[in-house]
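First the structure, in the form of structure tokens, and then the observations on it.
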Amino acid sequence: MNYENILSDYSNGITTITINRPKKLNALNKDTIQELHTAFDTADTDKDTKVIIITGSGEKAFVAGADISEFADFSVGEGGKLAAQGQALLFDFVENLSTPVIAAVNGFALGGGLELAMACHFRVASSNSKMGLPEVSLGVIPGYGGTQRLPQLVGKGRAMEMVMTAGMIDANQALNYGLVNHVVELEELLPLTEKIASKIMRNSSVAISKAIKAINANYKDGKDGYKVEIKQFGKCFGTADFVEGTTAFLEKRKAEFPGK
Numbered sequence: 043m044n045y046e047n048i049l050s051d052y053s054n055g056i057t058t059i060t061i062n063r064p065k066k067l068n069a070l071n072k073d074t075i076q077e078l079h080t081a082f083d084t085a086d087t088d089k090d091t092k093v094i095i096i097t098g099s100g101e102k103a104f105v106a107g108a109d110i111s112e113f114a115d116f117s118v119g120e121g122g123k124l125a126a127q128g129q130a131l132l133f134d135f136v137e138n139l140s141t142p143v144i145a146a147v148n149g150f151a152l153g154g155g156l157e158l159a160m161a162c163h164f165r166v167a168s169s170n171s172k173m174g175l176p177e178v179s180l181g182v183i184p185g186y187g188g189t190q191r192l193p194q195l196v197g198k199g200r201a202m203e204m205v206m207t208a209g210m211i212d213a214n215q216a217l218n219y220g221l222v223n224h225v226v227e228l229e230e231l232l233p234l235t236e237k238i239a240s241k242i243m244r245n246s247s248v249a250i251s252k253a254i255k256a257i258n259a260n261y262k263d264g265k266d267g268y269k270v271e272i273k274q275f276g277k278c279f280g281t282a283d284f285v286e287g288t289t290a291f292l293e294k295r296k297a298e299f300p301g302k
């Protein structure tokens, strides 16, 4: 499929989606958000794609934020609609995909960029990365889930400080905070992310999708994560992957999972 603002490439079970607006430091605008939704949806429904990696083009930025020129003159109603539509179309959508999504953060991840990275299932960062939510310096707050996901990942106090100061943290501080899982030099970023993806692909895609649902349930209001875990655990017993996994274990051989 042809896109104007992103690239999507498949290889060996991995679909890599690259935000490709280098002159704009890969800033998110309406069209890019729509294209990302389509690319994620396509990869998620592709039976051959076991892991999705999202990154930015170039060496400076993952996503340097939202395209402010698109909403600088919005009304109250238009602002609320912008946040609601963006969350549904991309950020919540990514968080709840059944296919694992890894953010390969290669440089600035600010505002909507950090919110996109946080919506992914986990993050790997290059050593030159800078992360932050600078929205209050513009007289607005994070609107794509940042006020909710950042405290979940780094704790309430650190999230409050990051949002209130509108400051940036570097990759090592993000690692210390638990915001990212690994930090490597830029040239090692995609190789390491692909190595992690290859480890994921050895396991049951069906079981992983159920684990994502169970883990996410703990962060949803009104959801009992333990009950969701029990339900998803039980569902595993009715899958071909469960039969293959347990049979392979008992036969002392490597499992060959059917996949999605």
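When you line the sequence shown up against this note's numbering, it's residues 43 to 302, in that order.
Ideal placement from N, C-alpha and C gives every residue a C-beta, glycine not left out.
These figures come from a predicted structure and were not determined experimentally.
Between the alpha carbons of residue i and residue j, how many angstroms are there, rounded?
{"i": "N54", "j": "T91", "result": "8 Å"}
{"i": "F133", "j": "F279", "result": "31 Å"}
{"i": "S117", "j": "T281", "result": "50 Å"}
{"i": "K255", "j": "E236", "result": "23 Å"}
{"i": "L234", "j": "S240", "result": "10 Å"}
{"i": "C162", "j": "V196", "result": "15 Å"}
{"i": "G188", "j": "M160", "result": "8 Å"}
{"i": "F164", "j": "E137", "result": "10 Å"}
{"i": "K252", "j": "E271", "result": "8 Å"}
{"i": "T97", "j": "D263", "result": "30 Å"}
Any idea which residues DSSP pairs residue i with across the strands?
{"i": "R165", "result": "A145"}
{"i": "I75", "result": "Paired residue(s): none; I75 is not in a bridge."}
{"i": "Y52", "result": "T57"}
{"i": "F150", "result": "A103, K172"}
Is the separation between the beta-carbon of residue i and that of residue j shorter than 8 Å?
{"i": "G128", "j": "I48", "result": "no"}
{"i": "M173", "j": "I144", "result": "no"}
{"i": "A71", "j": "D115", "result": "The residue you asked about is not Ala; residue 71 is Asn in the sequence shown. The answer is no: Cβ separation not under 8 Å."}
{"i": "G107", "j": "G154", "result": "yes"}
{"i": "F113", "j": "I94", "result": "no"}
Would you decide whether residue i is buried or exposed? Buried here means 16 or more other CB atoms lie within 10 Å of its CB.
{"i": "S168", "result": "buried"}
{"i": "E203", "result": "exposed"}
{"i": "A146", "result": "buried"}
{"i": "A191", "result": "Inspection of the sequence shows that residue 191 is occupied by Arg rather than by Ala. The residue is buried, with at least 16 neighbouring Cβ atoms inside 10 Å."}
Strictly under 8 Å for the Cβ-Cβ distance: is residue i near chain C by that measure?
{"i": "I272", "result": "Judged by its chain identifiers, the structure shown contains no chain C, having just a single protein chain."}
Consult DSSP for residue i and reduce its assignment to one of helix, strand or coil.
{"i": "A108", "result": "strand"}
{"i": "D88", "result": "coil"}
{"i": "V205", "result": "helix"}
{"i": "I257", "result": "helix"}
{"i": "M243", "result": "helix"}
{"i": "V222", "result": "coil"}
{"i": "I183", "result": "coil"}
Between residue i and the ligand HEM, is there a pair consisting of the residue's CB and a ligand heavy atom that are separated by less than 7 Å?
{"i": "V136", "result": "Absence of the ligand HEM is noted for the structure shown, with no ligands found whatsoever."}
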